[in-house]
Amino acid sequence: MSTEIKTTTCYMCACRCGIRVHLQEGKVRYIDGNPEHPLNKGVICAKGASGIMKQYSPARLTRPLKRKAGAERGAGEFEPISWDEAFRILEERLSSIRKTDPKKFALFTGRDQMQALTGLFARQFGTPNYAAHGGFCSVNMAAGMIYTVGGSFWEFGGPDLERAKLFIMLGTAEDHHSNPLKIAISQFKRSGGRFISVNPVRTGYSAIADEWVPIRPGTDGALLLALVNEIIAQGLYDREFVARYTNGGQLVKRDNGLFALDEGADPVNELYPQNQLWWDRHSNRAVLTHTPEADPSLFGEFRLTDGTRVRPAFQLLAERVRPHTAEWAERITGIPAATIRRLAHEMGITARDEKIELPIAWTDCWGREHPSVTGNPVAFHAMRGLAAHSNGFHTVRTLAILMSLLGTIDRPGGFRHKPPFPRAIPPSAKTPTGPEGVQPGEPLKGLALGWPGSPEDLFVDAAGEPVRIDKGFSWEYPLSVHGLMHNVITNAWRGDPYPIDTLMIFMANMAWNSTMNTVEVRRMLNDRGADGEYKIPFIAVCDAFQSEMTAFADLVLPDTTYLERHDVMSMLDRPISEFDGPMDSVRVPVLPPTGECKPFQEVLIELGSRLRLPAFVDGEGRRKYKDYPDFIVRHETEPGSGIGFLAGWRGADGSKSMRGEPNPKQWERYAQNNCVFRHELPPSYRYMRNWNRGYMEWAQRARLRRWGEPILVHLYSEVLQRFRLAAQGKWPGRRPPERLAKRVATYFDPLPFYYPSLEAQATDREKYPLAAITQRPMAMYHSWDSQNAWLRQIHAHNYLFIHPRTASARGIADGAWLWVESQWGRVRCMARYSEAVEPGTVWTWNAIGKQPGAWALAPEANEARKGFLLNHLISDTLPGGTSNSDPITGQAGWYDVRVRVYPAEEQGVWPEFPVLAKVPA
Amino acid sequence: MKQLALVIDLNVCVGCHACVTSCKAWNTGGAAGPLSDQNAYGAEPTGTFFNRVQTFEVGEFPRTETVHFPKSCLHCEEPPCVPVCPTGASYKRAEDGIVLVDYDKCIGCGYCAWACPYGARELDGSEKVMKKCTLCVDRIYDQKLPEAERKPACVLACPTSARLFGDIHDPESEASRAIREQGGYALMPEWGTQPANHYLPRRKTAITIHADELERHANPLKIDGQLPQPATSEPALDDVTSW
């Protein structure tokens with residue numbers, strides 16, 4: 001039998017490896033890693049190798065479906081309709097919303113690697129109510145790092161394990177991110193590196209760590225503050241790095257906590273002023289920062305000539321962390337003080353004594369020429385374990401500060417950015433700043449998601465109340481840079497801040513594992529007002545599979561699989577760039593669509609054309625693009641900008657990269673090149689990019705960035721201080737509503753601090769003594785395939801993992817049924833003893849448990865009868881009515897819930913749910 | 001005589017199951033397939049896999065090790081599954097030491113599974129014949145594949161390169177070298193089966209910190225006056241004694 005091999009990009013998880021699909025007689029025979037692909041270099045993971053079972057899954061949706069007249073939402077009773085009718089329904093509904101009040105249309109997507117198109121569609125439609133899943137995933141990781149060092153982990157940057165000697169991984173669940181990190185950890189270990197994992201649970205990557213440091217969930221901030229304290233107290237920080245490349249030497253005014261400026265000097269850029277002051281320790285006077293020959297004092301208190309009292313930001317940081325001794329942190333984290341001190345010494349001494357020098361000359365933004373690139377080989381990685389707490393923003397900021405004190409930012413052996421990162425702090429993308437940004441029949445006047453730098457950037461009305469349905473960028477969650485998808489259904493149901501008409505969900509299981517308070521949210525989705533109408537009048541869901549969420553839809557749009565469509569991993573969103581340069585990639589169809597499946601991208605192009613959204617039609621309102629591939633090739637961010645979704649093979653003949661005219665043969669060029677485009681930067685542009693003049697100039701020419709000012713690390717966050725001043729009534733501009741003033745003043749601290757999570761603060765810790773957390777297993781991480789016939793044989797149901805001491809003290813036997821109860825609800829599940837979990841913590845695999853009948857599994861499948869969701873124990877709302885979210889970023893506090901456990905007399909999972917009907921195929 | 005084998009490095013295996021499903025994918029559609037599944041979408045799903053990862057814990061908190069342990073047929077040099085086979089279906093190849101099952105001869109009696117001390121054989125639930133790892137014998141000699149890909153599917157898939165493949169009778173092979181130099185061991189040698197597959201143990205890297213490494217002449221705190229020398233005017237022995 002002859003085999004045809006086609007290359008494309010995997011989508012079994014979010015990692016986006018290159019794959020080869022081996023086809024025989026039009027059917028998938030085998031999928032393996034593409035050896036020519038720079039990301040995965042030929043390897044593949046359990047998910048990727050199981051792609052064939054996704055393609056042929058019985059849970060595939062194959063026809064557009066409309067909820068049967070009279071059927072309740074959630075019952076899953078549908079009738080098939082044609083695409084024409086589906087589009088007619090949507091067009092009618094959406095055009096009327098757009099003409100009257102565009103914000104009544106909300107578009108939320110589970111995946112955040114398609115935002116270039118979904119975000120464009122929402123903006124063109126004119127609704128502010130758009131976001132991807134970042135708000136309930138890891139926005140704290142993005143925001144905490146980006147507001148501090150201008151970049152973050154995963155798609156934005158990562159640990160340089162090729163050259164690191166010490167690697168510390170904190171709060172990283174099983175497999176984030178998949179193959180590239182697995183490849184790197186293995187090489188790191190084999191080359192003799194030391195790997196330390198800080199995590200309440202020892203699974204996944206942590207299993208092969210040289211040392212496991214168990215920690216109580218949500219207390220990493222305390223550990224990190226103690227580490228920072230010890231690093232400063234011992235003088236183990238990289239002073240040269242701190243002085244030149246962070247704002248540690250900048251003088252902070254004692255009266256208002258803002259940086260002192262040299263008013264006579266040119267700020268260069270009003271948005272990112274460059275006229276702060278240092279106290280030069282040589283001349284003992286204030287000078288403009290980065291004055292040649294000057295060196296800032298990092299400690300002390302000084303008076304400017306006008307009498308203003310100032311202190312260097314580093315002095316403030318040192319004062320802040322001084323009480324946070326290892327003994328203090330031991331009481332909070334459960335990690336022995338001696339271990340904390342040793343960790344600090346290992347980091348500090350390795351950074352100081354194992355320096356790397358690369359013979360690469362470069363010039364910094366202030367014109368100083370450096371004969372070489374140096375690095376301190378201590379690398380970190382962290383993800384949701386730090387992020388998914390309501391204290392996560394400050395925890396992540398503390399981590400970024402620790403990394404900076406060790407002198408490891410964009411240097412060999414430390415943390416390295418991936419283009420288009422680093423970004424300015426904050427990035428210059430902004431939302432509209434008031435309700436006037438939303439106008440009938442017009443695109444949104446700004447982006448739906450942005451990066452506020454001051455209260456003036458918030459998206460609020462004159463009373464300071466939110467414009468977005470999720471209350472993003474309001475005083476409740478001012479820096480909610482990824483939105484708050486987890487608030488949408490509850491807020492829309494409450495009509496707070498206003499009711500909406502149509503909720504469109506793409507690839508997110510908001511009626512099940514991707515929602516807090518699952519039972520109530522399902523009720524809200526099906527709830528009607530006094531007028532007998534649904535409180536959320538219309539719900540459209542696009543997905544490839546029949547899920548608990550599609551059951552609640554009024555209209556179901558059958559998406560294709562990744563093997564059946566075109567797709568782009570764009571520089572305008574989150575590309576697959578590597579440390580050494582930008583890289584983007586595509587998917588090309590290797591199979592025809594199944595049944596009547598249509599890629600969501602085509603749905604958006606079709607809708608955009610029918611609704612005559614400006615980006616999708618010509619001057620006469622006629623459809624501009626034949627289809628999605630045509631759109632990708634010809635769309636430019638502005639006419640003639642030369643910037644499109646894909647950076648490779650631009651220009652009429654494909655000879656240009658990054659910028660250039662559209663190339664009609666662009667898809668072919670990608671297909672001929674393993675579906676990936678890679679632009680390698682010259683060595684002198686690969687490091688120190690926050691402050692690298694050559695890189696900045698190149699990035700400006702390539703239009704990766706508008707501004708070229710250096711990006712100093714914000715040890716001290718003036719951005720946060722601006723919000724705090726507003727809350728204290730000391731800011732000349734906007735102020736928060738009175739009820740939120742204390743909250744903003746408390747949490748917008750310009751220096752990092754630790755506080756117990758908001759949920760812990762509102763919980764009786766005596767009654768609920770245990771922390772409960774979840775993670776996705778490696779074989780299903782970031783995957784839509786826990787129903788996959790092969791993968792479900794690895795995890796068909798889940799247990800509550802519990803330390804034997806904790807369990808036996810409560811009379812719970814290994815394998816027995818038990819109740820897990822929080823102040824919000826309880827679930828019945830099975831216990832599994834584990835020595836690999838901190839005894840004050842219980843945990844389980846997330847998203848294994850399913851509603852009976854969902855995902856085309858038999859009603860008696862393990863997932864429904866033995867599998868459970870911890871989500872039932874987690875509230876979306878805290879006492880007082882605010883969301884269970886970080887008060888700075890709106891990050892969902894998934895891992896903050898406190899529980900107690902006790903034996904169950906009955907068996908079987910609880911709560912129970914009715915059996916979902918199978919949809920027409 | 002050649003003896004092909006896998007050498008599995010437990011020092012880097014993170015238990016991702018890539019070897020499990022890539023093996024299933026290659027073999028279910030290939031010469032050794034199909035590898036059937038029972039109740040693929042129902043209760044207690046189960047199917048035939050040539051390779052599985054077992055995860056277990058060693059030690060007590062907080063000194064717990066979590067071990068991911070991939071296991072497949074070990075291609076023993078003295079395979080106990082071969083002599084017990086009543087039909088000659090189980091056999092060991094002279095040319096490369098791979099232990100195989102001839103499905104046409106297998107009657108599914110299960111003696112071989114009973115004889116195998118490693119639990120490496122699986123009776124296919126639909127076809128009722130014994131199935132097991134073939135070291136991808138249909139890949140490793142396939143001249144149509146590029147040479148670099150003439151390896152078992154699990155070896156090519158493994159993201160941590162935890163699986164080495166080679167001739168353990170050739171002392172210069174990568175597999176032999178790894179066994180020799182990194183403490184490679186065989187499972188349950190007391191059974192006398194001489195498994196060809198070997199495992200490499202966990203290795204720990206530590207950093208030793210000496211107390212004096214915290215003290216440096218160039219401590220940056222000095223630059224900012226945080227480790228001041230006492231002033232010359234402060235009391236000293238010179239004030240009180242003349243010796």
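Chains A and C are the protein sequences, given in the same order. Mapping of the first sequence onto this note's numbering: residues 1 to 921, in sequence order. Mapping of the second sequence onto this note's numbering: residues 1 to 243, in sequence order. C-beta atoms are modelled at their ideal positions from N, C-alpha and C, and glycine is treated no differently. Computed from a prediction, not measured in an experiment: that's the story for all the values here.
From the listed residues A:Ser783, A:Leu770, A:Pro920, A:Ala116, the smallest Cα separation to serine 50 (chain A) is found for A:Ser783.
For glutamate 65 (chain C), the uninterrupted beta strand (DSSP E) run begins and ends at 65-72, by DSSP.
Residues Phe616, Tyr625, Asp627, Tyr628, Phe631 of the same chain have their beta carbon placed closer than 7 Å to that of isoleucine 605 (chain A), with the five preceding and five following residues left out of the count.
Under the Cβ criterion of 8 Å, serine 808 (chain A) is not counted among the residues facing chain C. If you look at serine 176 (chain C), you'll find it isn't in any beta strand (DSSP E); it sits in the alpha helix (DSSP H) that goes 174-181.
Histidine 345 (chain A) reaches chain C at Ile209, Leu214, counting residues in chain order whose Cβ is nearer than 7 Å. Taking 8 Å as the upper bound for CB-CB distance, threonine 7 (chain A) and arginine 20 (chain A) are in contact here, some 5 Å apart. Counting along the chain, histidine 381 (chain A) sits inside the beta strand (DSSP E) bounded by residues 378-382.
Lysine 182 (chain A) reaches chain C at Val14, Cys16, Pro159, Thr160, counting residues in chain order whose Cβ is nearer than 8 Å. The contact set of alanine 551 (chain A) on chain C, defined by CB atoms closer than 9 Å, is empty, because the minimum CB distance reaches about 17 Å.
Annotation: the segment 99-171 of chain C contains the following complete segments of the alpha helix (DSSP H) (minimum length 4 residues), in chain order: 111-115, 137-140, 153-157.
The beta carbons of arginine 202 (chain A) and threonine 64 (chain C) sit closer together than 8 Å.
In this structure, the CA atom of aspartate 239 (chain C) is about 57 Å from the CA atom of leucine 386 (chain A). For the 8 Å CB-CB criterion, cysteine 76 (chain C) and serine 90 (chain C) do not form a contact. Within 9 Å of the CB of proline 214 (chain A), the CB atoms of chain C belong to Phe61, Pro62, Thr64, in sequence order along the chain. In the three-state reduction of the DSSP assignment, glycine 157 (chain A) falls in the strand class.
In this structure, the straight-line span from the alpha carbon of tryptophan 707 (chain A) to that of leucine 236 (chain A) is close to 33 Å. For threonine 241 (chain C), the number of other beta carbons within 10 angstroms of its own is below 16, and it is reported as exposed. Secondary structure of glutamine 823 (chain A) (DSSP, three-state): coil. Per DSSP, the unbroken alpha helix (DSSP H) holding methionine 696 (chain A) starts and ends at 693-701. Proximity of chain A to tyrosine 41 (chain C) at the Cβ level (cut-off 9 Å) is accounted for by Ser57, Pro58, Ala59, Gln787, Ala789, Arg792, Trp855, Ala856, Leu857, Ala858, Ala861, in chain order. Under the DSSP assignment, glutamate 4 (chain A) falls outside any alpha helix (DSSP H), being part of the beta strand (DSSP E) whose first and last residues are 4-9.
Non-local beta-carbon contacts of threonine 889 (chain A) in its own chain, meaning distances under 7 Å to residues more than five positions away in sequence, involve Val139, Asn140, Ala143, Phe393, Tyr477, Leu479, Ser480, Val481 in chain order. At a cut-off of 8 Å, the C-beta of aspartate 814 (chain A) has no neighbouring C-beta in chain C. Within the same chain, Cβ atoms closer than 8 Å to the Cβ of glutamate 863 (chain A) are found at Ser786, Gln787, Arg792, Ala796, His797, Ile848, Gly849, Lys850, Trp855, Leu857, the five residues on either side in sequence being excluded. Around the beta-carbon of tryptophan 114 (chain C), fewer than 16 other beta-carbon atoms lie within 10 Å, marking it exposed. Where proline 180 (chain A) is concerned, the enclosing alpha helix (DSSP H) starts and stops at 178-190. For valine 252 (chain A), the beta-bridge partners assigned by DSSP are A:Phe259, A:Arg311. Around cysteine 116 (chain C), the same chain offers Cys81 as residues with beta carbons nearer than 6 Å, after the five sequence neighbours per side are excluded. The C-beta distance from phenylalanine 600 (chain A) to serine 57 (chain A) rounds to 18 Å, too long to fall under 8 Å, and the pair is not in contact. Between leucine 251 (chain A) and alanine 265 (chain A), the C-beta spacing is not below 8 Å. Distance from the CA atom of cysteine 829 (chain A) to the CA atom of arginine 865 (chain A), rounded to whole angstroms, is 10 Å. Closest option to alanine 40 (chain C), judged by alpha-carbon separation, among A:Trp790, A:Asp886, A:Ile489, A:Val899: A:Trp790. When the Cα atoms are used, arginine 623 (chain A) and arginine 111 (chain A) turn out to be separated by approximately 27 Å. Cα atoms of leucine 715 (chain A) and asparagine 884 (chain A): separation of roughly 27 Å, rounded to the nearest angstrom. When only Cα atoms are considered, tryptophan 845 (chain A) and isoleucine 773 (chain A) end up about 9 Å apart.
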